[in-house]
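**Q** Quick one: structure below, then a few questions.
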Amino acid sequence: MRITNPWLLLATFFGLGKIPWAPGTWGSGVGVLLYWATGDLPLWGQLLFFALLTLLGTLASHRVALALGRKDPSCVIIDEVAGAYLALLGHPADPLHLVAGFLLFRILDIWKPWPIRITERLTGGLGIMADDLTAGGMANLLLFLPQIL
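First residue of the sequence shown? That's 1013 in the working numbering, and the numbers climb one at a time after it.
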């Protein structure tokens, strides 16, 4: 599959996933930057952006995984982009939240506690996206803890 393929471009986030070291961390960083860039949008605008990112990411991940014959290719980082974005959704786009969201998301994505690990059983594009979206959702809830306590 050539890097000019639109699905591969999206799944690797314009080739960033082809970086041989820590592609998931690079993808997470992109998710944080996208959240920062959309931080002035109203919540409904951020939700719409996230929904499009997730839908297109699921389709792209599925097509690339099929083409490469692998369940979850390491070059596919759109899942980390969407997961990191979700970790921050609804929070201020200030440096404290951006860094905390990034760190919480990466820790959960790498460690994969329950229920994140369970979602890895899913297949196709949904399976590729699910563990990162679950990690992002958990990180998001953890970011709200200081406000609740």
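The beta-carbon is built from N, C-alpha and C at its ideal position, and this holds for glycine as well.
Nothing here was measured: the structure is a model prediction, and the numbers come from that model.
Assuming contact is defined by CB atoms lying nearer than 8 angstroms, are F1025 and V1093 in contact in what I supplied?
**A** Yes, these two residues count as a Cβ contact at 8 angstroms.
**Q** Identify the continuous alpha helix (DSSP H) that holds N1152 and give its terminal residues.
**A** Taken as a continuous stretch (DSSP letters only), the alpha helix (DSSP H) holding N1152 covers 1136-1160.
**Q** Compute the beta-carbon to beta-carbon distance between L1046 and Y1097, rounded to the nearest angstrom, for a pair I have assumed lies under 8 angstroms.
**A** Their Cβ separation, rounded to whole angstroms, is 6 angstroms, which keeps L1046 and Y1097 in contact under 8 angstroms.
**Q** Could you work out which residue in L1154, F1156, T1135 is closest to L1071 when comparing CA atoms only?
**A** Checked all of L1154, F1156, T1135; the closest Cα to L1071 is T1135.
**Q** Since F1062 contacts G1095 with CB under 8 angstroms, what's their CB separation in whole angstroms?
**A** Contact flag wrong, Cβ pair sits at about 10 angstroms.
**Q** Check whether the stretch 1144-1152 and the stretch 1098-1107 touch, using three or more Cβ-Cβ pairs below 8 angstroms as the test.
**A** Judged by Cβ distances under 8 angstroms, the stretch 1144-1152 makes contact with the stretch 1098-1107, as three or more pairs qualify.
**Q** Please say whether A1105 and W1048 have beta carbons closer to each other than 8 angstroms?
**A** Contact: yes.
**Q** Short check: CB of T1066 to CB of L1120, under 8 angstroms?
**A** No. Outside cutoff.
**Q** Alpha carbons only, please: which of T1016, G1139, I1160 is nearest the one belonging to R1206?
**A** In this structure the chain extends from 1013 to 1161, so residue 1206 is not present and cannot be described.
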